[in-house]
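Numbering (this note's numbering), first residue to last: 851 to 993.
Every residue gets a Cβ at the ideal spot worked out from N, C-alpha and C, and that includes glycine.
Just so it is clear, the structure is predicted and the values come from calculations on it, not from any experiment.
This is the structure we're talking about:
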């Protein structure tokens, strides 16, 4: 399958693929740092290794990663054309809607069926995973 756009040079296609790969790697790295910060905060927040200052440092790290994630997305969004922006917003809306439905369903199950609490900090990685899947499906539709 040819991944070039109509009237696109080989150099332009290669640049577009590199930008997409760089964005994907940045998002993946930030997601890994966020997960590591959550795991670190969890480890040092209770139990034998409890250390509130260390746990607070991990929490602060998680918040910084979320801020960096937002800035990285905003920077990549500014580089998109009008059509790509519309498709990005479509992916964001669908992923956000699915996260809201998931959170409401889990909350209902928690309230009435004594399910375990869902850690709200995991909504960000859930949103990111859904967004990546939806964005990929949308991009396949236009190939």
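- Bounds of the alpha helix (DSSP H) holding residue 975 are 973-991.
- The straight-line gap separating the alpha-carbon atoms of residue 931 and residue 903 is approximately 45 Å.
- By the neighbour-count criterion, in which 16 or more other beta carbons inside 10 Å mark a residue as buried, residue 978 falls on the buried side.
- Shown here, residue 905 sits in a helix according to DSSP, grouped into three states.
- Close CB contacts of residue 888 within its chain, under the 7 Å cut and outside five residues either way in sequence, are with 912, 971 (chain order).
- Remark: C-beta atoms of residue 918 and residue 878 do not approach each other more closely than 8 Å.
- Here residue 968 carries a coil assignment [DSSP, helix/strand/coil].
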